[in-house]
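Using this note's numbering, the first residue of the sequence shown is number 264, and each one after it goes up by one.
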Amino acid sequence: MRLSHDKIIHMSHLIIDALENDENAEFKEDKNEIRNEIVRIIIQELKKDEELEDRARQRIRAMQKNIPEGGQEWDVLFRKYYEEEMGKHRKVKE
C-alpha cells in the first residue's frame, strides 16, 4: 500500500487526537515528538511491506510460465507468495 507523506502525517494526527481523548492514555513525551515517531514507524512499515510485495512479484516473474499481472492466477500466486514472505519476515523479527 502506498500512502502520500501528507496522508501519513494526517494519520499521525488522528492517532494523537484519539489518544488525547482516551482517559487511559497519558503522554510522557511531547506530543509532536510522539507524532514524529508515529510517522517514522508508519513509513518504515510501509517500506517493509513494499519489499515483501517486490519479493512476491519477483517469485512470480521467476516462474517458467509467463503469468500476466492482474489476472486471477497472478493474484492467487501473489497472495500466496506475499503471505509466505510475511511469514518469513515475522520469524526474523521474533
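Even for Gly, the Cβ is constructed at its ideal location relative to N, Cα and C.
Quiz item: Excluding five sequence neighbours on each side, which residues of the same chain lie with their C-beta closer than 7 Å to the C-beta of W337?
Solution: I323, I330 and P331
Quiz item: The alpha helix (DSSP H) spanning K310 covers which residue range?
Solution: K294 to R324
Quiz item: Can L309 and E348 be called in contact, C-beta distance under 7 Å?
Solution: no
Quiz item: For the putative contact between R298 and H276, defined by C-beta atoms under 8 Å, what is the C-beta separation to the nearest angstrom?
Solution: About 7 Å separates the two Cβ atoms, so the contact holds.
Quiz item: Where do the ends of the alpha helix (DSSP H) carrying K270 lie?
Solution: H268 to E283
Quiz item: Nearest to K311 by CA position, among G350, D269 and L282, is which residue?
Solution: G350
Quiz item: Would you say I255 and K294 are within 7 Å of each other, going by their C-beta atoms?
Solution: Because the chain in this structure spans residues 264 to 357, residue 255 falls outside the shown range and cannot be described.
Self-check item: Inter-residue spacing [alpha-carbon to alpha-carbon] between V302 and E286
Solution: 23 Å
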